[in-house]
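Undergrad: Take this structure, written in structure tokens, and hold onto it; I'll ask about it next.
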Amino acid sequence: MSTAGFNDFARRFAESRTAVISLLISLVFIACALFAPLISPTDPYDLTQLQLSDALKPAGSKRMLPGEEIRANIRIAGGAISVEPAAPAQTRENIAAEPCGANCLGVGVLPEGTKLASLQIRNLPAGATVEGGKKHIVQPWWTVDNPEGGKVRIVSNGPLPENFTILAIAKSLDQETDFVFRLGTDGFGRDMLSAILYGIRISVFVGLVAAGAAMVLGTGLGLLAAWRGGVTDAVIMRAVDFMLGLPALLVGLAILAILGNGVSKVLLAIVIVQWSYYARTARSFAMSELGKEYVEAARCLRLSPARIMLRHVLPNCMPQIIVLFTLNIAAAISLESSLSFLGVGLPLTRPSLGMLIASGYEFIFSHKYWISIYPGVVLLVMIVAMNLLGDRLRDLNNPRLDR
Amino acid sequence: MLSFVLQRLLQSVVVVFVLSIVLFVGVWLIGNPADILISSEASEADRLAAITALGLDKPLWQQYLTFLGNAVQGDWGTSFVYKEPVTSILLQRLPASLELGLVAFVIAIAVSVPAGLYAGLKPESPLGRGVMTFSLIGVSIPTFWQGMLLIVAFGIALPILPVGDRGAVATHFGIATSLWTLDGWSHVIMPAFSLALLKMSLLMRVTRAATMEISRLDFVKFAYAKGVRNRKVVVRHILRNALVPLITVTGIELANLLAYGVITETVFSWPGLGKLLINSIKVLDRPLIVAQLTYTALLFIAINFIVDILHMAIDPRMKSVLRRTA
Amino acid sequence: MTEPFFQVDGLNTWFFTRQGVVKSVRDISFDLRRGEVLGIVGESGSGKSVTGMSIMGQIDDPGRIVSGSIALDGEELTAFTFEEMRRYRGRKIAMVFQNPLMTLNPLMRVRDQMYEAISEHEDISRKEMHDRCIEVLKAVGIPSPEERLDAYPHEMSGGMRQRVVIATALLLGPDMIIADEPTTALDVTIQAQIIYHIRRQIDERGLGMIWISHDLSTLSELADRILVMYAGAMMEIGTTEDIIGSPRHPYTRKLLDSVPSRNTPGERLRQIPGNMPSLLSLAKGCPFASRCERATEVCSEPVPATELSATHRIWCYHPFEG
Chain A
1 MSTAGFNDFA RRFAESRTAV ISLLISLVFI ACALFAPLIS PTDPYDLTQL QLSDALKPAG
61 SKRMLPGEEI RANIRIAGGA ISVEPAAPAQ TRENIAAEPC GANCLGVGVL PEGTKLASLQ
121 IRNLPAGATV EGGKKHIVQP WWTVDNPEGG KVRIVSNGPL PENFTILAIA KSLDQETDFV
181 FRLGTDGFGR DMLSAILYGI RISVFVGLVA AGAAMVLGTG LGLLAAWRGG VTDAVIMRAV
241 DFMLGLPALL VGLAILAILG NGVSKVLLAI VIVQWSYYAR TARSFAMSEL GKEYVEAARC
301 LRLSPARIML RHVLPNCMPQ IIVLFTLNIA AAISLESSLS FLGVGLPLTR PSLGMLIASG
361 YEFIFSHKYW ISIYPGVVLL VMIVAMNLLG DRLRDLNNPR LDR
Chain B
1 MLSFVLQRLL QSVVVVFVLS IVLFVGVWLI GNPADILISS EASEADRLAA ITALGLDKPL
61 WQQYLTFLGN AVQGDWGTSF VYKEPVTSIL LQRLPASLEL GLVAFVIAIA VSVPAGLYAG
121 LKPESPLGRG VMTFSLIGVS IPTFWQGMLL IVAFGIALPI LPVGDRGAVA THFGIATSLW
181 TLDGWSHVIM PAFSLALLKM SLLMRVTRAA TMEISRLDFV KFAYAKGVRN RKVVVRHILR
241 NALVPLITVT GIELANLLAY GVITETVFSW PGLGKLLINS IKVLDRPLIV AQLTYTALLF
301 IAINFIVDIL HMAIDPRMKS VLRRTA
Chain C
1 MTEPFFQVDG LNTWFFTRQG VVKSVRDISF DLRRGEVLGI VGESGSGKSV TGMSIMGQID
61 DPGRIVSGSI ALDGEELTAF TFEEMRRYRG RKIAMVFQNP LMTLNPLMRV RDQMYEAISE
121 HEDISRKEMH DRCIEVLKAV GIPSPEERLD AYPHEMSGGM RQRVVIATAL LLGPDMIIAD
181 EPTTALDVTI QAQIIYHIRR QIDERGLGMI WISHDLSTLS ELADRILVMY AGAMMEIGTT
241 EDIIGSPRHP YTRKLLDSVP SRNTPGERLR QIPGNMPSLL SLAKGCPFAS RCERATEVCS
301 EPVPATELSA THRIWCYHPF EG
């Protein structure tokens with residue numbers, strides 16, 4: 001298209017505000033897709049970054065560093081108290097023990113007053129209990145949650161034995177980091193924002209590639225059918241009619257049922273579903289063009305069919321094909337998300353938006369909506385924007401709409 | 001007219017035949033049918049017995065005939081997972097899917113035709129624009145997500161409707177369906193609406209477009225020029241003529257309802273064929289998969305056939321064309 | 001001459017679109033007598049069809065009649081409510097459209113469409129409706145009218161269909177018929193037949209007829225008076241002898257010249273160069289000035305009417321000599 005033609009087209013396109021907004025939104029999504037690794041706060045596929053303790057947190061919550069654990073063996077031998085760090089590795093040895101009166105031993109963490117999540121004492125001598133502690137159901141372990149002042153008191157009715165060794169395990173509180181999960185986390189502790197950004201990336205990728213491949217394949221077949229005519233035409237058109245009659249989802253399901261999961265198979269399924277639209281359009285355009293005289297002239301000059309098709313027929317179909325393409329991207333994204341939701345699409349490790357929504361399904365019953373809702377909203381906006389765009393392009397192409 | 005019906009019927013039968021061959025060859029291509037149709041857990045003796053029963057030890061064309069023979073008699077093999085004949089499993093789940101599909105279909109038509117008609121007659125009015133916006137969202141929103149939204153809205157946030165599963169079944173006039181009971185309705189209404197949403201939006205748009213196009217035609221102007229009242233013009237001329245393309249689209253969409261039933265049944269745990277299909281794909285219960293896909297294809301062909309007949313019955317222009325070519 | 005029973009005075013019909021105001025009909029005035037055929041001629045976009053639809057009250061959003069009067073037997077039609085106008089349509093004023101295949105609903109039998117015209121206005125038995133339909137069908141020269149009633153529109157030829165449409169228009173005995181290019185889609189022989197039958201009905205029933213066309217040669221045969229329109233405005237109006245015999249307006253002359261039968265064989269067909277101006281942005285003066293060889297500065301001023309004779313009026317600063 002010439003520059004003047006394009007300018008005119010752009011001007012007419014811009015007459016509709018909604019169309020311009022949809023275009024901008026689509027560009028934003030494409031940018032998200034391209035730059036996801038750069039703008040995403042975390043890498044949602046990096047399993048080492050995930051902590052189950054972060055799972056299922058609502059939007060705006062902060063990531064927590066899980067508390068550290070310190071273990072120490074406290075040996076009482078004839079009035080002397082010695083504290084030894086116990087395995088596994090710990091970074092501090094600040095557990096101390098002090099008698100707190102007859103038949104009483106205080107165990108605490110230094111510095112005094114440190115807030116602890118819990119302090120657990122194991123191997124208590126017989127008859128002794130921990131004040132305010134809960135005994136483990138099976139093992140002789142006593143745990144005090146949130147011990148005041150960071151210490152507990154071991155008391156006994158009778159005197160405490162001369163020699164005994166107890167194991168003290170202190171857990172510090174989870175610390176808030178500054179990292180905020182802007183949209184919450186999913187069942188694995190993944191940051192939803194990052195997961196969504198990467199999900200957009202996958203959805204856009206699948207949509208563009210699949211719709212693009214279908215476009216090339218379908219247009220090619222349509223042109224071929226028009227050029228060759230006869231049997232080739234009949235066969236291709238029967239196939240097109242057949243494909244058009246079948247619902248996309250069933251075809252996709254059938255193909256994936258047979259071939260299994262995977263990105264390439266999903267792409268293949270979508271291409272198989274969509275090629276027929278392009279084929280039909282390309283063929284009807286080509287048929288009308290081929291009737292014209294310049295094609296006869298070109299044939300007389302023995303120009304190769306490919307050249308005639310590509311240089312003359314194809315440019316005429318392009319506007320319609322582009323409209324189809326835009327609408328089909330939306331359809332491809334929608335189809336892929338449906339297939340992923342059903343569990344037959346993309347693999348779990350690299351979730352697309354559909355997969356994210358699926359993984360959140362079980363949690364909506366416990367009021368943790370966000371895992372399913374946010375990706376869904378994103379998906380909806382993406383598809384609406386593309387549909388609006390395609391609608392606008394189609395209206396522009398249709399001269400009948402002006403009075 | 002009769003010859004047309006017969007012609008169409010014959011064509012459909014031919015397609016079914018071709019389909020059965022394609023299916024049979026397809027099953028063969030994927031792998032040994034013995035593996036596909038007989039569970040790998042079966043003992044060697046059972047396996048041999050099954051092979052003989054299914055005729056898999058015979059030459060290919062004989063296998064096909066046996067396959068066809070069995071199929072026509074209703075024997076599609078035994079499910080790996082349920083250990084029951086496939087046909088009985090299908091028949092068990094069929095009523096549920098039919099219920100869902102039927103209610104969804106009725107909802108879709110009841111809403112979309114009047115709405116589309118109105119939007120076509122008064123496209124610039126607020127309600128008219130509203131219809132377009134609604135249908136745009138309805139068409140774009142992924143079915144499963146919208147189902148979830150409904151569950152959250154009406155099942156959890158405002159718990160007025162039960163979620164999941166079918167309601168109580170009652171039998172009247174020899175038909176056992178959950179639609180006879182109020183409980184059944186309370187269970188079916190959400191999934192049916194969810195299923196209907198996509199189709200509703202599509203049909204709204206089609207109706208609107210058809211209405212707009214027909215309103216501009218001369219015979220509508222002529223009807224007004226004759227002094228026919230507004231309502232009559234809309235119903236007798238606009239609506240009646242809009243029905244022609246509408247029936248074609250509706251037929252296709254009805255067939256489509258089956259496909260999207262799969263998603264809705266999964267989201268709402270509706271015990272129909274769709275859920276069965278997904279489950280059987282996940283566990284690779286191949287006889288069930290094969291049977292279901294075949295059943296769906298048959299249904300499609302049947303619906304297309306009916307749509308063709310209806311189309312012909314409604315449009316007198318087609319009758320004349322056929323009379324001349326007959 | 002008898003008094004006119006129908007008058008249009010200063011009619012303005014404008015369309016208020018998003019791109020601007022399209023002034024399709026500007027200050028149109030004419031009248032009609034019983035038994036008379038008035039032809040309205042002009043190119044596409046001249047406003048002739050909009051004039052017809054304005055009279056019928058069938059101008060829809062975004063258009064409306066902005067000003068002017070339309071009077072039938074003294075009744076002011078522009079002041080009618082929707083229901084009042086509906087009662088006039090078909091009964092007092094009938095309209096016939098161009099393409100007969102699309103004027104009739106393809107899904108309905110002819111009989112139902114004709115009955116509908118009657119039943120919306122009168123409450124009579126089916127037998128009476130049937131008889132009346134047969135009567136009008138015969139009047140327009142349709143053979144075996146019984147069979148035609150049962151038929152569907154696509155089962156008849158174009159000429160037959162148009163006759164059915166005209167017959168439908170006659171069903172309620174209207175005072176006036178507006179025909180918008182009724183024979184344009186038909187071939188010449190059929191055209192001649194239809195014109196013959198219409199003329200007979202007009203004479204017999206004393207109807208007034210407005211015949212809209214772009215084809216002057218048809219009008220020259222049928223019309224008693226002719227109105228020439230261009231870009232929504234009146235150019236020239238007079239009896240057929242005035243217009244065809246001694247056209248004074250440059251546009252009328254060009255129209256006549258461009259009729260192929262007026263050419264000598266081998267001569268180049270005459271065209272009017274240029275295009276009709278956009279109705280969105282009209283200048284003040286004569287709309288034809290941009291394509292007229294005789295145009296001068298003064299033509300960009302609004303053009304007043306000039307009475308050339310009792311019957312002949314023109315809107316031009318530089319008319320031809322008689």
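In order, the protein sequences belong to chains A, B and C.
For the first sequence, our numbering gives the first residue as 1, with consecutive numbering after it.
For the second sequence, our numbering gives the first residue as 1, with consecutive numbering after it.
For the third sequence, our numbering gives the first residue as 1, with consecutive numbering after it.
Quick reminder that beta carbons are idealized off the backbone N, C-alpha and C, glycines included.
Because the structure is a prediction, the values reported are computed rather than measured.
Which of the three DSSP states is assigned to Asn123/A in this structure?
TA: Asn123/A: coil per DSSP, three-state reduction.
Undergrad: Please state if the CB of Pro347/A and the CB of Ile196/A are separated by a distance shorter than 8 angstroms.
TA: No, Cβ-Cβ distance for Ile196/A and Pro347/A is not below 8 angstroms.
Undergrad: Who are the near neighbours of Asp186/A in its chain, counting only those whose CB is closer than 8 angstroms to its CB and skipping five residues on each side?
TA: The residues are Ala55, Leu56, Met192, Ala195, Leu356, Ser359, Gly360 and Ile371.
Undergrad: For chain B, find out if any of its Cβ atoms is closer than 8 angstroms to the Cβ of Ile383/A; answer yes or no.
TA: Chain B contact via Cβ: present.
Undergrad: Over the uninterrupted beta strand (DSSP E) stretch that includes Ser201/B, give me the two end residues.
TA: No beta strand (DSSP E) contains Ser201/B, which is instead part of the alpha helix (DSSP H) from Leu182 to Ser215.
Undergrad: If distances are taken between C-alpha atoms only, which option among Val228/C, Ile195/C, Glu297/C and Glu122/C comes closest to Lys48/C?
TA: The residue with the shortest Cα to Cα distance from Lys48/C is Val228/C.
Undergrad: Output needed for Asp9/C: all residues of its chain with C-beta closer than 7 angstroms, excluding positions within five of it in sequence on either side, in chain order.
TA: Result list for Asp9/C: Ser29, Gly68 and Ser69, in chain order.
Undergrad: Alpha carbons only, please: which of Leu299/B, Asp315/B, Asp183/B and Ala119/B is nearest the one belonging to Ser12/B?
TA: Ser12/B has its Cα closest to that of Leu299/B, out of Leu299/B, Asp315/B, Asp183/B and Ala119/B.
Undergrad: Give, in chain order, every residue of the region 134 to 159 of chain B whose Cβ lies closer than 8 angstroms to some Cβ of chain A.
TA: Listed by position, the residues of the region 134 to 159 of chain B near chain A (Cβ gap below 8 angstroms) are Leu136, Ile137, Val139, Ser140, Ile141, Pro142, Thr143, Phe144, Trp145, Met148, Leu149, Ile151, Val152 and Ile156.
Undergrad: Under 8 angstroms, CB to CB, which of the residues in the region 235 to 256 of chain B have a partner in chain A?
TA: Residues Ile252, Ala255 and Asn256.
Undergrad: If we call anything under 8 angstroms between Cβ atoms a contact, is Gly285/C one with Val303/C?
TA: Against a cut-off of 8 angstroms, the Cβ pair of Val303/C and Gly285/C comes out as a contact.
Undergrad: Identify the residues that DSSP records as bridge partners of Ala128/A: which are they?
TA: DSSP output for Ala128/A lists Ser156/A as bridge partner(s).
Undergrad: If I follow the unbroken beta strand (DSSP E) through Trp270/B, where does it start and stop?
TA: Looking at the DSSP string, Trp270/B is not in any beta strand (DSSP E), and its letter there is neither H nor E.
Undergrad: For a contact defined as C-beta to C-beta under 7 angstroms, what are the partners of Met56/C on chain B?
TA: Ordered by position in chain B, the residues that pass the 7 angstroms Cβ test against Met56/C are Ala225.
Undergrad: Could you tell me which whole beta strand (DSSP E) segments of length 3 or greater appear in the region 313 to 396 of chain A?
TA: The region 313 to 396 of chain A contains no whole beta strand (DSSP E) run of 3 or more residues.
Undergrad: By DSSP, does Met129/C sit in helix, in strand, or in coil?
TA: In the structure shown, Met129/C sits in a helix (DSSP, three-state: H, G or I).
Undergrad: Between the C-alpha atoms of Met382/A and Glu181/C, what's the straight-line distance to the nearest angstrom?
TA: Computed Cα separation, rounded: 50 angstroms.
Undergrad: Do Val13/B and the ligand MN come close, with the Cβ less than 7 angstroms from some heavy atom?
TA: The ligand MN is absent from the structure shown, which contains no ligand whatsoever.
Undergrad: Against chain B, which members of the region 118 to 134 of chain C pass a CB distance test of less than 7 angstroms?
TA: Of all residues in the region 118 to 134 of chain C, Glu120 and His121 have a Cβ within less than 7 angstroms of some Cβ in chain B.
Undergrad: Over what stretch of residues does the beta strand (DSSP E) that includes Ser22/A continue unbroken?
TA: No beta strand (DSSP E) contains Ser22/A, which is instead part of the alpha helix (DSSP H) from Arg17 to Ile39.
Undergrad: Measuring alpha carbon to alpha carbon, tell me which residue in Glu267/C, Ala179/C, Val164/C and Gly206/C is nearest Arg132/C.
TA: Of the listed residues, the one whose Cα sits closest to Arg132/C is Val164/C.
Undergrad: When the Cα atoms are used, what is the spatial distance from Val204/A to Thr349/A?
TA: Rounded to whole angstroms, Val204/A to Thr349/A spans 17 angstroms at the Cα level.
Undergrad: Does any C-beta atom of chain C lie closer than 8 angstroms to the C-beta of Val307/B?
TA: Not an interface residue.
Undergrad: Take Ala363/C as the anchor and find which of Asn256/B, Thr248/B and Phe222/B has the nearest alpha-carbon.
TA: Outside the modelled stretch of chain C, which goes from 1 to 322, sits residue 363/C, for which no answer is possible.
Undergrad: Look at the Cβ atom of Ile65/C, then the Cβ atom of Ile212/C, and state whether they are nearer than 8 angstroms.
TA: It is not a contact, given that the beta carbons lie outside the stated cut-off.
Undergrad: Between Ile156/B, Leu150/B and Ile301/B, which has its C-alpha nearest Gln8/B's C-alpha?
TA: Per the sequence shown, residue 8/B should be read as Arg rather than Gln. Ranking Ile156/B, Leu150/B and Ile301/B by Cα distance to Arg8/B puts Ile301/B first.
Undergrad: Note down the Cα distance separating Glu155/C from Gly261/B, rounded to an integer number of angstroms.
TA: Cα to Cα, the separation comes out at about 44 angstroms.
Undergrad: Could you spell out the range, first to last residue, of the alpha helix (DSSP H) harbouring Cys300/A?
TA: It spans Glu293 to Cys300 - the alpha helix (DSSP H) in which Cys300/A sits, taken as one unbroken run.
Undergrad: Under 8 angstroms, do Ala97/A and Val83/A count as touching if we go by C-beta distance?
TA: Yes; because the gap between Cβ atoms is below 8 angstroms, this pair is in contact.
Undergrad: What residues are listed by DSSP as bridge partners for Ile157/C?
TA: Contrary to the premise, residue 157/C reads as Ser rather than Ile in this sequence. Ser157/C pairs with nothing; no bridge assigned.
Undergrad: Anyone know if the C-beta pair for Arg91/C and Pro174/C falls short of 8 angstroms?
TA: Yes, Cβ-Cβ distance for Arg91/C and Pro174/C is below 8 angstroms.
Undergrad: Here's a check: name, in chain order, each residue in its chain whose Cβ is nearer than 6 angstroms to the Cβ of Thr91/A, leaving out the five neighbours to either side.
TA: Confidence is the limiting factor: at Thr91/A the pLDDT is only 49, short of 50, which leaves the residue's position unreliable and the question unanswerable from this model.
Undergrad: Is Glu99/B closer than 8 angstroms to Leu150/B when the C-beta atoms are compared?
TA: No, the Cβ-Cβ distance between Leu150/B and Glu99/B is not below 8 angstroms.
Undergrad: With 8 angstroms set as the bound, which would you pick, yes or no: does the beta-carbon of Ile263/B sit closer than that to a beta-carbon of chain A?
TA: Output row for Ile263/B: interface = yes.
Undergrad: Would Thr184/C pass as an interface residue toward chain B - the criterion being a Cβ-Cβ separation below 8 angstroms?
TA: No, because no Cβ of chain B sits closer than 8 angstroms to the Cβ of Thr184/C.
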